[in-house]
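Following this line, the structure appears as structure tokens:
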């Protein structure tokens, strides 16, 4: 039985440095190691003294360093290069009599716990420097010559910009002219990763020994992540669903969903059946292109995707794009109601229900029941309870689950709210306007009645916790049988959905006994997880099971900075993001600044640009992960994404939490819990560095209870 081969990004950078002859030799070595990686062979294959599971493969004056993980039958390719250089990176001295015993695996980073300290560049902010004095720029360790760039397979279109770079700062500033994958290759080539950095890098799958040669030639853009044993079990588990996989942030739920597609196709081809029709839904538009690209790589060898496009049988989209497609095919002419139009329709409905005479007792009672309910609260009731649970009649609304809505409604209040909703909906229909909730209801009706006949063999729903029940019911109906339903979810990341149970969504969505939990977190450092968890300490309905994670990575304590206004926040963040990118040896588009509102996002992007930091604000429907520079976006838009460096800016009173006009204690608590979850979601996007900033004159109440044990606070002297 052949061993499974994985490789680190550091190995990819080393491989590109090799001559074509050495690349061919390394490819042959990969094939040999897949057969027998842990069998010494003369002077060619030997274990490294002092390491429990580290080996080296000799290629003349070059050494290929790899680890062997016997329990999972995996070989990890770690580094390859000139003998001395590679040994230095692994702190290995072949002449030493004793070496510290170390074990290299994906869990090595858990043993690299640093002391609780904050880097010097955080302890001593830039304002301690003399007025007008600039930090000394660090020269690049190697000159970027034409010969070197050609050896690294850097596209000619990037040569001019790169050869002008003489310092680290200039190289990072080139991110607006050099694509992210290219800049990553440059950075890895200039600063080869040492063992601690390699340990924290993700494992990637080498499906074919020749793929690294294709990568070096530029015909393969990247690699898929490798699943560990616990994750792999869920890829082909419960192929006859419905199936639910739960897990906290960074547990690999979305990656498992992608691998699930491959397994389904392999299973069908193995039984000599046609390629199954698969609908893969993502949470945001930003994830569509990313998921499509990863699926193309994952299925390339299975389906021979020579054109780099998925077959028609596999569709990647959001649920609401499917909704829009179904409703438009019904022949209806409509527009989606804007927020302003929804409020106007509600005001019209309120007016229509006001009593015109003293004897109009029914309207008097209805108006009295509604007078203390705010417009914003009522629109949310319409969206998540009435339309979200597909209530078509009053009886259905009287039975609807309102858990988490704060204010209790008896039957008389529900009846009044229903009358208001009917008038509200009529006001919208007169203008050919529909809310998204109404469009989802229409789409579900079209599918249930057979007016929309298309069905998929399998429907995979990623981030299911953020879909209303009507949207989840639509996903079930679009699947030929319940056996084809696969869901991933994390209740603690839900920004909207409360109070429903899976079995209440659809009679065929029975996941009891068909639910599994992912416990290991591969995204965040332990310090970020512990700090973010404090935000949910007092939040009701926290999924404690999903919160109990095993953390692989470690790093620095997250930092909270009390700024002197918006400009000071931007100045401080620009400085920290530059430094964090240098320490991680990543381009600037590895960083994201998250803010509570669109208007703040636009302002923050301008201020960061003014500090010399390439930055762009991206609305939720225009998030492009491949673009250079720092991404500035709202906390909502960042849902489902991750970045090595994250800053949550303007965590201030009336911004986070957002101001509410609610007066009812339960409604206020519901609002605050939702805002805390939003803050938690933003912080959990951070993989390695997390910064939080606020105006010290407007501190958010969410910041006060955060402990000094898990957060490092800085205030301007």
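Residue numbers (this note's numbering): 3 to 719.
Quick reminder that beta carbons are idealized off the backbone N, C-alpha and C, glycines included.
Note that the coordinates shown come from a computational prediction; the quantities given were computed from them, not determined experimentally.
Checklist entry - Got a sec? Which residues, its chain only, sit under 8 Å from residue 210 by beta carbon, not counting five neighbours each side? => result As a first step, residue 210 must be located in the chain shown, where it is residue number 208. 303, listed in sequence order.
Next on the checklist: Residues in the same chain with beta-carbon distance under 6 Å from residue 393, minus the five sequence neighbours each way, listed in chain order, please.
Outcome noted: The count along the chain shown starts at 1 and reaches residue 393 at position 391. So the list reads 399 and 402, once near-sequence residues are dropped.
Item to check | Pairwise C-alpha distance: residue 667 and residue 655 | outcome: Your numbering for residue 655 matches position 653 in the chain shown. Your numbering for residue 667 matches position 665 in the chain shown. Rounded to the nearest angstrom, the two C-alpha atoms are 18 Å apart.
Item to check | Exposed unless 16 or more other CB atoms sit within 10 angstroms - verdict on residue 475 | outcome: Taking the chain shown and counting its residues from 1, one reaches residue 475 at position 473. So residue 475 counts as buried.
Checklist entry - Looking only at its own chain, which residues have a Cβ that is under 7 Å from the Cβ of residue 217, when we skip the five neighbours before and after it? => result On the chain shown, residue 217 is found 215 positions in, with the first residue counted as 1. Closer than 7 Å at the Cβ level, and outside the excluded window around residue 217, lie 14.
Item to check | Neighbourhood of residue 28 by C-beta distance below 8 Å, restricted to the same chain and skipping five residues each side | outcome: Counting from one through the chain shown, the residue named residue 28 turns up at place 26. Cβ neighbours of residue 28 beyond the five flanking positions: 17, 20, 61, 66, 82 and 214.
Checklist entry - How would you write the range of the alpha helix (DSSP H) that residue 6 sits in, first residue to last? => result By 1-based counting over the chain shown, the position of residue 6 is 4. It is not in any alpha helix (DSSP H) - residue 6 instead sits in the beta strand (DSSP E) that spans 6-9.
Next on the checklist: In this structure, how does DSSP classify residue 409 when only helix, strand and coil are distinguished?
Outcome noted: Reading the chain shown from its first residue, position 407 is the one you call residue 409. Correct three-state label for residue 409: coil.
Checklist entry - Which of the three DSSP states, helix, strand or coil, is assigned to residue 206? => result On the chain shown, position 204 is the one that residue 206 refers to. In the structure shown, residue 206 sits in a strand (DSSP, three-state: E or B).
Checklist entry - Near residue 46, which residues of its chain fall below 6 Å by C-beta distance, leaving aside the five closest residues on each side in sequence? => result Locating residue 46 in the chain shown gives position 44, counting from the first residue. Excluding residues within five positions, the ones whose Cβ falls inside 6 Å are 60.
Item to check | 8 Å CB neighbourhood of residue 258 in its chain, flanking five on each side removed | outcome: What you label residue 258 is simply residue 256 of the chain shown in a count that begins at 1. The answer, listed in chain order, is 229, 233, 236, 237, 247, 490 and 520.
Next on the checklist: Rounded to the nearest angstrom, what separates residue 417 and residue 396 at their Cα positions?
Outcome noted: Along the chain shown, one-based indexing puts residue 417 at 415. Along the chain shown, one-based indexing puts residue 396 at 394. Whole-angstrom Cα-Cα distance: 7 Å.
Next on the checklist: On the criterion of 16 or more Cβ atoms from any shown chain inside 10 Å, does residue 162 qualify as buried, or is it exposed?
Outcome noted: Counted from its first residue, the chain shown places residue 162 at position 160. It is exposed - the Cβ of residue 162 has fewer than 16 other Cβ atoms within 10 Å.
Checklist entry - For residue 175, does the count of other Cβ atoms within 10 angstroms reach 16, so buried, or fall short, so exposed? => result Taking the first residue of the chain shown as position 1, residue 175 is located at position 173. Residue 175 comes out buried.
Item to check | the region 634-644 / the region 588-607 touching (three or more Cβ pairs under 8 Å) | outcome: Yes: at least three Cβ pairs fall under 8 Å.
Next on the checklist: Applying the 10 Å Cβ sphere with the 16-neighbour rule, what's the burial state of residue 715?
Outcome noted: Against the chain shown, residue 715 aligns to sequence position 713. By the 10 Å Cβ count, residue 715 comes out exposed.
Item to check | Residue from 321, 386 and 189 whose Cα sits closest to the Cα of residue 445 | outcome: Numbered from its first residue, the chain shown carries residue 445 at position 443. The shortest C-alpha separation from residue 445 is found at 321.
Checklist entry - Within 10 angstroms of its Cβ, does residue 652 collect 16 or more other Cβ (buried), or is it exposed? => result Numbered from 1 along the chain shown, position 650 holds the residue referred to as residue 652. That one is buried.
Checklist entry - Can the beta-carbon of residue 68 be found closer than 8 Å to that of residue 76? => result Within the chain shown, residue 68 is the residue found at index 66, counting from 1. Within the chain shown, residue 76 is the residue found at index 74, counting from 1. Not a contact, by the Cβ cut-off of 8 Å.
Checklist entry - How is the beta strand (DSSP E) around residue 697 delimited, first residue to last? => result Taking the first residue of the chain shown as position 1, residue 697 is located at position 695. Start and end: 688-697.
Item to check | First and last residue of the uninterrupted alpha helix (DSSP H) at residue 447 | outcome: The residue labelled residue 447 in the question sits at position 445 within the chain shown. Element bounds for residue 447: 438-450.
Item to check | Length of the line joining the Cα atoms of residue 607 and residue 623 | outcome: Here residue 607 refers to the residue found at position 605 when the chain shown is read from its first residue. Here residue 623 refers to the residue found at position 621 when the chain shown is read from its first residue. The alpha-carbon atoms of residue 607 and residue 623 are separated by roughly 17 Å.
Checklist entry - Mind checking residue 699: buried by the 16 CB within 10 Å criterion, or exposed? => result Looking up residue 699 in the chain shown gives position 697. Label assigned to residue 699: exposed.
Next on the checklist: As a quick exercise: from 383, 452 and 459, pick the residue whose alpha carbon is nearest that of residue 426.
Outcome noted: For the purposes of this step, residue 426 is taken as the residue at position 424 of the chain shown. For the residues 383, 452 and 459, the minimum Cα distance to residue 426 belongs to 383.
Checklist entry - Who pairs with residue 66 in a beta bridge, going by DSSP? => result For the purposes of this step, residue 66 is identified with residue 64 of the chain shown, where counting begins at 1. Answer by DSSP bridge pairing, in chain order: 59 and 82.
Checklist entry - Which residue's Cα is closest to the Cα of residue 284: 293, 277 and 52? => result Numbered from 1 along the chain shown, position 282 holds the residue referred to as residue 284. The shortest C-alpha to C-alpha distance from residue 284 to any of 293, 277 and 52 is the one to 293.
Checklist entry - Could you give the C-beta distance for residue 565 and residue 571, rounded to a whole number, given that I count them as a contact under 8 Å? => result To locate residue 565, count along the chain shown from 1; it is residue 563. To locate residue 571, count along the chain shown from 1; it is residue 569. Yes, residue 565 and residue 571 are in contact; Cβ-Cβ is about 4 Å, under 8 Å.
Next on the checklist: Could you tell me the alpha carbon to alpha carbon distance between residue 49 and residue 56, rounded to whole angstroms?
Outcome noted: By one-based count along the chain shown, residue 49 stands at place 47. By one-based count along the chain shown, residue 56 stands at place 54. Residue 49 and residue 56: Cα-Cα distance of roughly 6 Å.
Item to check | Close Cβ partners of residue 273 (< 6 Å) along its chain, the five nearest in sequence each way excluded | outcome: For the purposes of this step, residue 273 is taken as residue 271 along the chain shown, with counting starting at 1. Within the same chain, residue 273 has no close Cβ partners at all.
Checklist entry - Helix, strand or coil: how does DSSP classify residue 633 here? => result Counting from 1 along the chain shown, the entry for residue 633 is found at position 631. If DSSP states are grouped into helix, strand and coil, residue 633 belongs with the strands.
Checklist entry - Skipping 5 residues on each side, what residues in its chain have a beta carbon closer than 8 Å to that of residue 345? => result For the purposes of this step, residue 345 is taken as the residue at position 343 of the chain shown. Answer for residue 345: 377 and 381, listed in chain order.
Checklist entry - Is residue 704 helix, strand or coil when you go by DSSP? => result Walking along the chain shown from the start, residue 704 turns up at place 702. In this structure, residue 704 counts as coil in the three-state DSSP scheme.
Checklist entry - For residue 278 versus residue 267, is the C-beta spacing smaller than 8 Å? => result Within the chain shown, the letter at position 276 stands for residue 278. Within the chain shown, the letter at position 265 stands for residue 267. Result yes, Cβ atoms of residue 278 and residue 267 sit closer than 8 Å.
Checklist entry - Three or more beta-carbon pairs under 8 Å between the region 444-464 and the region 316-336, yes or no? => result Cβ pair count under 8 Å is three or more, so yes.
Next on the checklist: Taking its Cβ as the centre, do 16 or more other Cβ atoms sit within 10 Å of residue 338, making it buried, or is it exposed?
Outcome noted: On the chain shown, position 336 is the one that residue 338 refers to. Label assigned to residue 338: exposed.
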